[in-house]
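What follows is a single structure, written as structure tokens, with notes after it.
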Amino acid sequence: MANLKDIRNRIHSVSSTMQVTSAMKMVSAAKLKKAQNEVAKVRPFESKLAQIISFLGSSVPNVELNYPAFRSSAKGGKVLLVAVASDKGLAGAFNSNVVKQVETMVAGELAKEASEGKVEILTIGKQVAKAVRSRKVQVTVHDAEGFFDDFSLSKVYSVADDVTKRFEAKEYTKVLLIYNEFVNAAVQNVRVAQLLPLVMPAADEADNSAMLDFIVEPSKEEVLADLIPQAIRTHFLAVVKESLASEHGARMTSMHKATDNASELLSELQLQYNKARQSAITNELIEIVSGASALNG
15 MANLKDIRNR IHSVSSTMQV TSAMKMVSAA KLKKAQNEVA KVRPFESKLA QIISFLGSSV
75 PNVELNYPAF RSSAKGGKVL LVAVASDKGL AGAFNSNVVK QVETMVAGEL AKEASEGKVE
135 ILTIGKQVAK AVRSRKVQVT VHDAEGFFDD FSLSKVYSVA DDVTKRFEAK EYTKVLLIYN
195 EFVNAAVQNV RVAQLLPLVM PAADEADNSA MLDFIVEPSK EEVLADLIPQ AIRTHFLAVV
255 KESLASEHGA RMTSMHKATD NASELLSELQ LQYNKARQSA ITNELIEIVS GASALNG
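Dropping the structure here:
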């Protein structure tokens, strides 16, 4: 049995760890509430914007020819994977799930393009960048360095605009987003979404018929040209917001489990300490009684 000093040190260590995990859980819970509100705000905006573009796009001739963002992807071109995760760890499988999805795609449906050097990865978040490089995925990797340092809307738009510019310059024929979709604090699902080329949403006849009475000024073509960059930005923003909410939910759940495990371990150590202390006291009493008996004898 371990001596009392060793057990006391372990109790102190576990107690300190439990305080840290409990504090991290509370911080993540507070951040999760804010992140959930952000997701709730951006989802309907993105949906309505997609509906408007669907309505305008379906009534404008030669959409793919006149608007580069709708250009059909040519076979054999470069594919860009944008992997969105986080700068920090201690969030369970949040980061590793994104990395696994990247590896699965590179080894599976994009294996031919990867072998020809036609797959590139843009990592957003230090953890996914480090993991992709450590696992030596055989593709070109770019980092969006400092993306979450002083996080702002301008950074999100800057990345979205840069990717769009490269796509329209025919550097890439397809841009895919890999991220964690927020379901609730305990559930985050890895999703693969196409950012570019834009796919015309399926027109909802009821929704579009409700928009037929609108007069579009200066023209449908000009309004559509203005809305397309905003739609790309909004889609990317929505993905980042989903990822942030998922991160806080995953970390809160992970720290909750860690706190519970530390509490159980602390109870076991306390019981072990009491047994060891009782054994030490019993041994001392036996020694005292034996010594007294020897003197009296």
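Numbering (the working numbering), first residue to last: 15 to 311.
Note that CB positions come from ideal geometry on N, CA and C, so glycine has one too.
Here's the rule: buried if 16 or more other CB atoms are within 10 angstroms of the residue's CB, otherwise exposed. What is residue i?
i: E301; result: exposed
i: T296; result: exposed
i: H156; result: exposed
i: F69; result: buried
i: T154; result: exposed
i: K184; result: exposed
i: Q141; result: buried
i: R291; result: exposed
i: G71; result: buried
i: G91; result: exposed
i: Q202; result: buried
i: K261; result: In the sequence as displayed, the identity of residue 261 is Glu instead of Lys. E261 comes out buried.
i: L167; result: exposed
i: L238; result: buried
i: E123; result: exposed
i: A220; result: Interpretation of A220 is limited by its pLDDT of 43, a score under 50 that renders its predicted location unreliable; no figure is taken from the coordinates.
i: V98; result: buried
i: K39; result: buried
i: N111; result: buried
i: E134; result: buried
i: F228; result: exposed
i: V173; result: buried
i: A199; result: buried
i: R247; result: buried
i: L309; result: exposed
i: I66; result: buried
i: A294; result: exposed
i: P125; result: Correcting the residue type first, residue 125 is Ala in the shown sequence and not Pro. The residue in question, A125, is exposed, as its Cβ has fewer than 16 Cβ neighbours within 10 Å.
i: V197; result: exposed
i: L191; result: buried
i: K19; result: exposed
i: S42; result: buried
i: A44; result: exposed
i: A143; result: buried
i: A145; result: buried
Could you pull the DSSP bridge partners for residue i from this structure?
i: T154; result: E134
i: I192; result: A97 and V206
i: N351; result: What is shown of the chain runs 15 to 311, which leaves residue 351 out entirely.
Report, in whole angstroms, the separation of the C-beta atoms of residue i and residue j, which I expect to be a contact under 8 Å.
i: A83; j: L241; result: 10 Å between Cβ atoms; not a contact.
i: A264; j: F162; result: Not quite, the Cβ-Cβ distance comes to about 15 Å (not below 8 Å), so this is no contact.
i: V189; j: V96; result: 7 Å
i: A46; j: M266; result: Reading off the sequence shown, one finds Leu at residue 46, where the question assumed Ala. Confirmed, about 6 Å.
i: V113; j: R149; result: 7 Å
i: S257; j: Y193; result: 5 Å
i: K132; j: V93; result: 6 Å
i: D176; j: G139; result: Wrong, their Cβ atoms sit about 17 Å apart, outside the cutoff.
i: A128; j: V120; result: 5 Å
i: T178; j: A158; result: Actually they are not in contact, since the Cβ atoms of T178 and A158 sit about 14 Å apart, beyond 8 Å.
i: Q50; j: A259; result: 6 Å
i: S304; j: G106; result: Rounded, the Cβ-Cβ distance is 56 Å, inconsistent with contact.
i: L210; j: F181; result: 5 Å
i: E208; j: I21; result: According to the sequence shown, residue 208 is Gln rather than Glu. About 57 Å; that fails the 8 Å criterion.
i: L283; j: R24; result: 6 Å
i: A245; j: A37; result: Going by Cβ atoms, the distance from A245 to A37 rounds to 40 Å, so no, they are not a contact pair.
**Asked** Contact between the segment 243–254 and the segment 57–65: three or more CB pairs below 8 Å?
**Response** yes
**Asked** Okay, do the segment 229–244 and the segment 260–274 touch, 3+ Cβ pairs below 8 Å being the bar?
**Response** no
**Item:** Secondary structure, alpha helix (DSSP H): runs of 4+ residues fully inside the segment 44–125
**Value:** 77–80 and 108–121
**Asked** Looking at C-beta atoms only, is the number of pairs between the segment 17–37 and the segment 274–283 that lie closer than 8 Å three or more?
**Response** yes
**Asked** Quick one: complete alpha helix (DSSP H) runs, 4+ long, within the segment 277–303?
**Response** none
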